[in-house]
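Student:
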Amino acid sequence: MQTKTLAVTLFILMCAAFASAQSNDSVYSSLSTKSCRTIRSTSNEGGSYVGICPGVAGYKLQSEEGDLRQNIQVITPNGQKHSLELWNVVGSGFSALGEKAEWRVKRRNGKTVPVALILRYNVANPEDSTKGTSYLAVAKITPTKICITDKIAPGANANVAARNAADNAAAKPCLESSQ
């Protein structure tokens, strides 16, 4: 009986260790124009902006604005760009990104490996631009695809829901354009 109890206890401890080893952490990077390197900025016809913002583990974020709408392109460590198409997938109204990006990362062999990205995306109502909705956009980061998988509406547990969605994003399909 004592051997069986010891075996069950060891099994539970091994499962707990495996589960904690598989959990993701959050690392934050800034999307503030003060933290990003301006590539291009114009003020004519509503203005436009392109800036490169720091990321994690060799990734960068390219912040883009045109016609009062914003978007992010994720730049991989090898320089490939993946547009998140926020203005088509999350909302097409006038928009603004939040000030920070939340990277969901795994720690593997002492390295930080991004697996998902969470961005706040504030979208104006096309019928009344004084009203808007603040979504959390979740993007998966896999070796073959970076795209939006979830659009989390405002709510009491939106941050928890976004992290849960991010931690399961790798197996999800990309969201299609809302237009």
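When you read off a place in the sequence shown, starting at 1, and then add 22, the result is the number in the numbering used here.
C-beta: ideal position from N, C-alpha, C; glycine also.
Going by C-alpha distance, which of Arg142, Ser105, Gln92, Ala138 is nearest Tyr157?
Tutor: Checked all of Arg142, Ser105, Gln92, Ala138; the closest Cα to Tyr157 is Arg142.
Student: Can you look up Gly88 in the DSSP assignment and give me helix, strand or coil?
Tutor: Looking at Gly88 - three-state DSSP - the assignment turns out to be strand.
Student: Less than 6 Å between C-beta atoms, sequence neighbours within five positions excluded: which residues of the same chain meet that for Ala43?
Tutor: Only weak support exists for where Ala43 lies, its pLDDT of 41 falling under 50; the coordinates are left without a value.
Student: In the DSSP output, what is Pro76 paired with across the bridge?
Tutor: In DSSP, Pro76 forms a bridge with Lys82.
Student: Find out if the Cβ-Cβ distance for the pair Ser57, Thr64 is shorter than 8 Å.
Tutor: Going by C-beta atoms, Ser57 is not nearer than 8 Å to Thr64.
Student: When DSSP labels each residue in this structure, what does Gly115 get in the three-state scheme?
Tutor: Three-state result, Gly115: coil.
Student: For Glu107, does the three-state DSSP call read helix, strand or coil?
Tutor: It is coil, neither helix nor strand.
Student: With distances taken from CA atoms, which of Val78, Thr134, Thr60 is nearest Ser45?
Tutor: Considering only alpha carbons, the answer is Thr134.
Student: May I ask you to report which of helix, strand or coil DSSP gives Asp47?
Tutor: It is a strand residue.
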